[in-house]
Amino acid sequence: MASPVVASENTIIGNTVLYGATAGYLFAAGRAGERFAVRNSGAHVVIEGCGSNGCEYMTGGKAVILGQTGRNFAAGMSGGIAYVLDNDKDFASKCNMEMVALETLESADEIAQLKALIVEHKENTQSDVAEGLLADWDNAV
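Structure, rendered in structure tokens:
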């Protein structure tokens, strides 16, 4: 039986998930609470939005955010990489730019790595968001 709840519009994992993560993968077809992936130093993760202070003090790993973020994203982030889907074109106003720069994807190798993570996310979660992105990948990147 299908649920009437749209996972990508709801917080399905709580605050401080992946605090200090050093390795591994996390795929969640929904939003994370506040302080998601704080001090992440090696985990690779895909979620569909997060609250305030996401990727704070991150030093390594990869975070793919396929939805809205809260304010102060990437505060103190000194390493790793975060890919944020910015459909509403407002991410720059939510990102703490003291230690990070915003760039568009241009490297074919980096685009392939991102796509592989989103494919894995789709396979593990049956995410409608990932399915939509992959169906129109050339326009989505």
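In the numbering used here, the protein residues as written are 2 to 142. For every residue, glycine included, the Cβ atom is placed at its ideal position computed from N, Cα and C. A quick note: this is a predicted structure, and the numbers were derived from the prediction, not measured.
Spatially closest choice to residue i from the options, by CA coordinates
i	options	result
Ile-119	Gly-71, Ala-76 and Lys-63	Lys-63
Val-65	Ala-131, Thr-23, Tyr-20 and Ala-109	Ala-131
Val-85	Ala-3, Ala-141 and Val-39	Ala-141
Ala-3	Asp-129, Leu-134, Asp-137 and Ala-136	Asp-129
Gly-80	Ala-38, Asn-11 and Pro-5	Ala-38
Buried or exposed (CB count within 10 angstroms, at least 16 for buried), residue i
i	result
Lys-90	exposed
Leu-106	exposed
Ser-69	The sequence given here places Gln at residue 69; Ser does not occur at that position. So Gln-69 counts as buried.
Ala-102	exposed
Glu-124	exposed
beta-carbon residue i near the ligand GTP non-hydrogen atom, thresh 8 Å
i	result
Asn-73	The ligand GTP is not among the ligands present in this structure, which contains no ligands whatsoever.
Inset, instruction - Check whether the stretch 14-28 touches the stretch 42-61, taking contact to mean three or more Cβ pairs, one atom from each stretch, closer than 8 Å. - result: yes
Legend entry - Residue ranges of each alpha helix (DSSP H) within the stretch 39-118, 4 or longer: 92-95
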